[in-house]
Amino acid sequence: YTVAVQNAAPPKHMGIATASATFFRSIGSTVGVAIFGSLLLTHYHHDFAKAVPRGVPQEATTAFSNPLLLGQMRPQLEATFSRFDNGPRLLETLYASVGPALLGGIQSIFLISAGLMIGLSALNFLLKDETLRHGPPPPTAE
Numbered sequence: 058y059t060v061a062v063q064n065a066a067p068p069k070h071m072g073i074a075t076a077s078a079t080f081f082r083s084i085g086s087t088v089g090v091a092i093f094g095s096l097l098l099t100h101y102h103h104d105f106a107k108a109v110p111r112g113v114p115q116e117a118t119t120a121f122s123n124p125l126l127l128g129q130m131r132p133q134l135e136a137t138f139s140r141f142d143n144g145p146r147l148l149e150t151l152y153a154s155v156g157p158a159l160l161g162g163i164q165s166i167f168l169i170s171a172g173l174m175i176g177l178s179a180l181n182f183l184l185k186d187e188t189l190r191h192g193p194p195p196p197t198a199e
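Encoded structure:
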């Protein structure tokens, strides 16, 4: 796309066009990662909340709000859950619910991104066909 942008811009604005394309590509990827991360965690929290058995204390599930830290927090969680009735089994049940909840979030992100990819690939056919320039522009007679 860089070459297409450079060919579409007048020679005196080629640097601006290239910089703008690079800037918006960077912003788009940053915003895209943030949106997909938000969708993943939203889906995870929703599915995990549905999988939590009734009667589980709220303080027991707060550690599961960030699934990335669960591996590091295992010893602290085992100590915390040992205070609850049937705590070790409850902890294993909650840990078993993390995988399917994350998988559901990843699947939704995959389907959304596949739909976006198909739609945006179709938009490529609407791009104006520009003939590529070869070499510098011819000098103008003054």
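All the letters of the sequence shown, read from the start, carry residue numbers 58 to 199 under the working numbering. By construction, the Cβ of each residue, glycine as well, lies at the ideal position given by its N, Cα and C atoms.
Here's the rule: buried if 16 or more other CB atoms are within 10 angstroms of the residue's CB, otherwise exposed. What is residue i?
i: Leu151; result: buried
Run through DSSP, which three-state label would residue i get?
i: His103; result: helix
i: His191; result: coil
i: Leu184; result: coil
i: Arg140; result: coil
i: Leu58; result: According to the sequence provided, residue 58 is Tyr. The question's Leu does not apply to it. Of the three classes helix, strand and coil, the one that applies to Tyr58 here is coil, per DSSP.
Relative to the C-alpha of residue i, which candidate in the options has its C-alpha closest?
i: Ala65; options: Arg190, Thr197, Pro196; result: Arg190
i: His102; options: Val62, Ser178, Ala179, Ile163; result: Ile163
i: Asn123; options: Leu168, Leu159, Ala91; result: Leu159
i: Gly112; options: Ser170, Gly144, Leu97; result: Gly144
i: Leu134; options: Arg146, Leu125, Ala120; result: Ala120
i: Phe167; options: Gln129, Val60, His70, Ile92; result: Ile92
Between residue i and residue j, how many whole angstroms is the CB-CB distance? I'm expecting something under 8 Å.
i: Thr75; j: Val62; result: 6 Å
Inset, instruction - Would you be able to state if there are at least three C-beta pairs under 8 Å between the region 131–143 and the region 180–188? - result: no
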